[in-house]
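As you go down the protein sequences, you meet chains S and E in turn.
Positions 526 to 930 (our numbering) are the ones given, in order, by the first sequence.
Positions 526 to 930 (our numbering) are the ones given, in order, by the second sequence.
The beta carbon of each residue, even a glycine, is placed where N, CA and C say it ideally should be.
This report refers to the structure that appears directly beneath it.
Protein chains: 2
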Amino acid sequence: MAVGPGTLPQFAAIAGLRIGIASAGIKKPGRKDLVVLELAEGSRVAGIFTRNQFCAAPVHLARRHLAEGQPRFLLINTGNANAGTGERGMADAAECCQRLADEAGVPLSAVLPFSTGVIGEPLPVAKIVKALPDALAAMDSNGWAAAASGIMTTDTRPKGASRELMIDGQRVAISGISKGAGMIRPNMATMLGFIATDVAVAPEVLQQLASELGDMSFNRITIDGDTSTNDACMLIATGASGAPEIGVGSTHLPALRAALAEVYLELAHAIVRDGEGATKFVTIEVTGAAAQQEALDVAYTVAHSPLVKTALFASDPNWGRILAAVGRAGVPDLNLSALEIYLGDVCLVRNGGRAEDYTEARGQQVMSQEEITIHIDLRRGDVKETVWTCDFSHDYVTINAEYRT
Amino acid sequence: MAVGPGTLPQFAAIAGLRIGIASAGIKKPGRKDLVVLELAEGSRVAGIFTRNQFCAAPVHLARRHLAEGQPRFLLINTGNANAGTGERGMADAAECCQRLADEAGVPLSAVLPFSTGVIGEPLPVAKIVKALPDALAAMDSNGWAAAASGIMTTDTRPKGASRELMIDGQRVAISGISKGAGMIRPNMATMLGFIATDVAVAPEVLQQLASELGDMSFNRITIDGDTSTNDACMLIATGASGAPEIGVGSTHLPALRAALAEVYLELAHAIVRDGEGATKFVTIEVTGAAAQQEALDVAYTVAHSPLVKTALFASDPNWGRILAAVGRAGVPDLNLSALEIYLGDVCLVRNGGRAEDYTEARGQQVMSQEEITIHIDLRRGDVKETVWTCDFSHDYVTINAEYRT
Numbered sequence: 526m527a528v529g530p531g532t533l534p535q536f537a538a539i540a541g542l543r544i545g546i547a548s549a550g551i552k553k554p555g556r557k558d559l560v561v562l563e564l565a566e567g568s569r570v571a572g573i574f575t576r577n578q579f580c581a582a583p584v585h586l587a588r589r590h591l592a593e594g595q596p597r598f599l600l601i602n603t604g605n606a607n608a609g610t611g612e613r614g615m616a617d618a619a620e621c622c623q624r625l626a627d628e629a630g631v632p633l634s635a636v637l638p639f640s641t642g643v644i645g646e647p648l649p650v651a652k653i654v655k656a657l658p659d660a661l662a663a664m665d666s667n668g669w670a671a672a673a674s675g676i677m678t679t680d681t682r683p684k685g686a687s688r689e690l691m692i693d694g695q696r697v698a699i700s701g702i703s704k705g706a707g708m709i710r711p712n713m714a715t716m717l718g719f720i721a722t723d724v725a726v727a728p729e730v731l732q733q734l735a736s737e738l739g740d741m742s743f744n745r746i747t748i749d750g751d752t753s754t755n756d757a758c759m760l761i762a763t764g765a766s767g768a769p770e771i772g773v774g775s776t777h778l779p780a781l782r783a784a785l786a787e788v789y790l791e792l793a794h795a796i797v798r799d800g801e802g803a804t805k806f807v808t809i810e811v812t813g814a815a816a817q818q819e820a821l822d823v824a825y826t827v828a829h830s831p832l833v834k835t836a837l838f839a840s841d842p843n844w845g846r847i848l849a850a851v852g853r854a855g856v857p858d859l860n861l862s863a864l865e866i867y868l869g870d871v872c873l874v875r876n877g878g879r880a881e882d883y884t885e886a887r888g889q890q891v892m893s894q895e896e897i898t899i900h901i902d903l904r905r906g907d908v909k910e911t912v913w914t915c916d917f918s919h920d921y922v923t924i925n926a927e928y929r930t
Numbered sequence: 526m527a528v529g530p531g532t533l534p535q536f537a538a539i540a541g542l543r544i545g546i547a548s549a550g551i552k553k554p555g556r557k558d559l560v561v562l563e564l565a566e567g568s569r570v571a572g573i574f575t576r577n578q579f580c581a582a583p584v585h586l587a588r589r590h591l592a593e594g595q596p597r598f599l600l601i602n603t604g605n606a607n608a609g610t611g612e613r614g615m616a617d618a619a620e621c622c623q624r625l626a627d628e629a630g631v632p633l634s635a636v637l638p639f640s641t642g643v644i645g646e647p648l649p650v651a652k653i654v655k656a657l658p659d660a661l662a663a664m665d666s667n668g669w670a671a672a673a674s675g676i677m678t679t680d681t682r683p684k685g686a687s688r689e690l691m692i693d694g695q696r697v698a699i700s701g702i703s704k705g706a707g708m709i710r711p712n713m714a715t716m717l718g719f720i721a722t723d724v725a726v727a728p729e730v731l732q733q734l735a736s737e738l739g740d741m742s743f744n745r746i747t748i749d750g751d752t753s754t755n756d757a758c759m760l761i762a763t764g765a766s767g768a769p770e771i772g773v774g775s776t777h778l779p780a781l782r783a784a785l786a787e788v789y790l791e792l793a794h795a796i797v798r799d800g801e802g803a804t805k806f807v808t809i810e811v812t813g814a815a816a817q818q819e820a821l822d823v824a825y826t827v828a829h830s831p832l833v834k835t836a837l838f839a840s841d842p843n844w845g846r847i848l849a850a851v852g853r854a855g856v857p858d859l860n861l862s863a864l865e866i867y868l869g870d871v872c873l874v875r876n877g878g879r880a881e882d883y884t885e886a887r888g889q890q891v892m893s894q895e896e897i898t899i900h901i902d903l904r905r906g907d908v909k910e911t912v913w914t915c916d917f918s919h920d921y922v923t924i925n926a927e928y929r930t
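Here it is as structure tokens:
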């Protein structure tokens, strides 16, 4: 089950970036489960990683290589997360990177590893190493759609987004893919995102964009409140388009940021739409907050409430559950009589109770839609935050209660 | 569905306390939905209330009356929570208390109101008022079992506990009842507990016991992480047993505390065992913590993880989900290589990965039981905390997704 059409876009090729896909047979024989991104010399990479303290071996190593070297390859496997694997996991991840570095004639630190799949099982290094030449031989600048499928685990569909824009008379492109169907899938983990552009971006701007855009997209979605051991989202700028470099004060930065933001949001939303068992795509907007943290606390408390989520599944405009979630979000001195809660355009709560003009029929009409906005106006400041989530269905329980196979 | 046998105990009568039950027909005609506890003059009452900022009208009023007066009556109705009802709700609660005070010839502040049931609907004051004389006429010291049923909402079974002990050669009794089948049922709210003893207890000791015992029992259980608008747990000491008053330094205090603790825990556990859709009763023990807060953070993060809870439902020893929950609990500088995770007696995680001697068969054997202990030893201090929860089943979704009827 998933919300919305979910077709892949026509991906724009990124100058200076090629993709090679091969079958290592990590979990299923014949499955194209190995994706290698090859970046032209001079490419820059920035990223954000999971804050879970139990991060997987490839997360540790990708962070280290990113800090040390000039990235030339991203090595991504599905089928095994190389998480919870201790010292051996670190050695295995390094071994895969070293073998790709040897094949390609680059230093070890030029390879960033990413793994997703079952945790606690040793990474099948030999299988991956054996498939590396195939991946390198298959390098193609039009590999995005195949890569979107290649990095899937339990996703029901591939996820991608693409944009083109003009910078100083030069056409530049952005393409990206993501995967994830729960914020955490420790047994078949987890969220990954890879976004690339062929415009040149100054390193400090690239990291700023990766953090800022990741924060307002991948860090604002939640399926079940869990964070995973392998999450990573990388932003790549090859600089091969020929357009001028975007520096801190560049007049082209706003246009680039806007286009990137669209790609980030589309990829993040695609994960929510494909959330485990999802039947609704839910936007939770908190406005009128006095501070960002209280806006986020309210938004996430509502987004994580199993009672709100099951009501969403049932298309039940159960305003009491939303109100109770707001009440336990820990906002100091919240004025309950002042705040307002809306379902779409319909006011549910005003003056500390059900709005006078609210009727179940009006609430029901909004709730029966597939895309729903819950808007909570705290009416005590001017800070606004938005998070996205999905409902909580029987299928969520079924998917997550199935014994690991 | 519920875990364990769940039969009511033989309740010991509490000298100085009588219970009157009547049918107000609040939600279902003929249902015995009104419970009145009558306390002898000189009785003392202490309690803890929900910390949810959207607390219901009766919570506000009970708190105020408790601070102002000498409690003589507890007025409890099921079928309507009088929550989310604004100014009118306050007036309605006061009106019910006033009418009972008039009937009984006591001041308004001697009546403490408690409501549980549907929220957002006006309290049917007339129905309640009409049934008050029946409740007063039915006063009986053996009303505990009927009261346990009288305060139920969606509970599948009544909940009670009772103990007797000797204090200074005098037999004293403790009896208590509780209700709740989700930590929050905003549409059919919520948790209530009433525990009474006939020993005399000094006010400061009574409040200390109410807070301390409530904290280690009702404040350590969680069904779905939500807290409700109407939660209250009251501790009553009538002093009518004839045993000497228990003061701060009393040598009898440890024995009383121990007996009360058993009653509190039994009542709190009964709520978890009757948790919505529960098929497992789960104890989460965190030991070796450096501070109480980090022990609780770890315990609750595990207890609230939908992925851990669905794995428990599936009897799946999915240690990766527990490990990932521990990793996102926000404990600073957690040493992942030092901590250990046990399922019953079986070590799951050691040295940052799956324990060497762990086998799926051993994990599976523990997980297939109806009562399961997850023990997380952080190995960085000597603080210990325990919380209790249940699993997350299809029935949870069914129960909470059903449209309000």
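Query, Result
"Min CB distance A926 of chain S to chain E below 7 Å", "yes"
"Three-state secondary structure assigned by DSSP to C580 of chain S", "coil"
"Nonlocal neighbours in the same chain, by C-beta distance under 8 Å from R904 of chain E, ignoring five residues either side", "G813, N860, A863, L864, E865"
"Meets three-Cβ-pair contact criterion under 8 Å: the segment 755-771 of chain S and the segment 723-730 of chain S", "yes"
"Below-7 Å beta-carbon distance, M713 of chain E vs any chain S residue", "Interpretation of M713 of chain E is limited by its pLDDT of 47, a score under 50 that renders its predicted location unreliable; the figure taken from the coordinates is listed afterwards. Taking Cβ atoms only, chain S never reaches closer than 7 Å to M713 of chain E, which makes this a no."
"Ranges of the alpha helix (DSSP H) found wholly within the segment 845-906 of chain E, counting only runs of at least 4", "885-892"
"Sequence ranges, beta strand (DSSP E) only - wholly within the segment 676-764 of chain E, length at least 3", "684-692, 695-704, 717-722, 757-762"
"Below-7 Å beta-carbon distance, R879 of chain E vs any chain S residue", "yes"
"Residue ranges of each beta strand (DSSP E) within the segment 629-665 of chain S, 3 or longer", "636-643"
"CB-CB length for C758 of chain S against I551 of chain S, believed under 8 Å", "Going by Cβ atoms, the distance from C758 of chain S to I551 of chain S rounds to 22 Å, so no, they are not a contact pair."
"For I809 of chain S, the first and last residue of its enclosing beta strand (DSSP E)", "806-814"
"For F536 of chain E, three-class secondary structure by DSSP", "coil"
"A706 of chain S and T747 of chain S closer than 7 Å at C-beta", "no"
"Below-7 Å beta-carbon distance, G888 of chain E vs any chain S residue", "no"
"Inter-stretch contact (C-beta, 8 Å, three-pair minimum) for the segment 865-874 of chain S and the segment 771-788 of chain S", "no"
"Closest by C-alpha distance to I702 of chain E, when choosing among E:G668, E:R569, E:G855, E:G611", "E:G668"
"The alpha helix (DSSP H) enclosing V922 of chain S, as first and last residue numbers", "919-926"
"Bounding residues of the beta strand (DSSP E) (the contiguous stretch that carries E566 of chain S)", "E566 of chain S -> no beta strand (DSSP E), and no H or E assigned at all."
"V724 of chain S: CB within 6 Å of a non-hydrogen atom of the ligand GDP", "By its list of ligands, the structure shown contains no ligand whatsoever, and the ligand GDP lies outside what it can speak to."
"Cβ-based contacts, 8 Å cut-off: residues of the segment 590-608 of chain S near chain E", "A608"
"K655 of chain E to V856 of chain S span [Cα, whole Å]", "40 Å"
"Neighbour flag for H900 of chain E against chain S, beta carbons, 7 Å", "no"
"The segment 808-823 of chain S in contact with the segment 909-921 of chain S per 3-pair CB rule at 8 Å", "yes"
"Assigned secondary structure, K557 of chain E (DSSP; H/G/I helix, E/B strand, else coil)", "coil"
"Given D822 of chain E as reference, the closest of E:K805, E:P831, E:A854, E:K834 once Cα atoms are compared", "E:A854"
"Cβ pair A581 of chain S, A608 of chain S closer than 7 Å", "yes"
"Beta carbon proximity, A849 of chain S to chain E, threshold 7 Å", "yes"
"Cα-Cα separation, V528 of chain S to P530 of chain E", "42 Å"
"Opening and closing residue of the beta strand (DSSP E) in which V528 of chain S lies", "Segment: none, V528 of chain S is in no beta strand (DSSP E) and carries neither H nor E."
"Minimum Cβ-Cβ distance from G611 of chain S to chain E less than 7 Å", "yes"
"Among S:E563, S:T835, S:M677, nearest to G630 of chain S - alpha-carbon criterion", "S:E563"
"Anticipated Cβ contact below 8 Å, T808 of chain E with T923 of chain E, distance rounded", "Incorrect: roughly 26 Å between the Cβ atoms, too far for contact."
"Residues of its chain near L591 of chain E, where Cβ-Cβ distance is below 7 Å and the 5 sequence neighbours each way are ignored", "V570, G572, L637"
"Integer-rounded CB distance, given that L559 of chain E should sit under 8 Å from I546 of chain E", "7 Å"
"Contact set for S736 of chain S: own chain, Cβ-Cβ below 7 Å, skip 5 residues either direction", "I573"
"Residue burial classification, K553 of chain E (beta-carbon count within 10 angstroms, cutoff 16)", "exposed"
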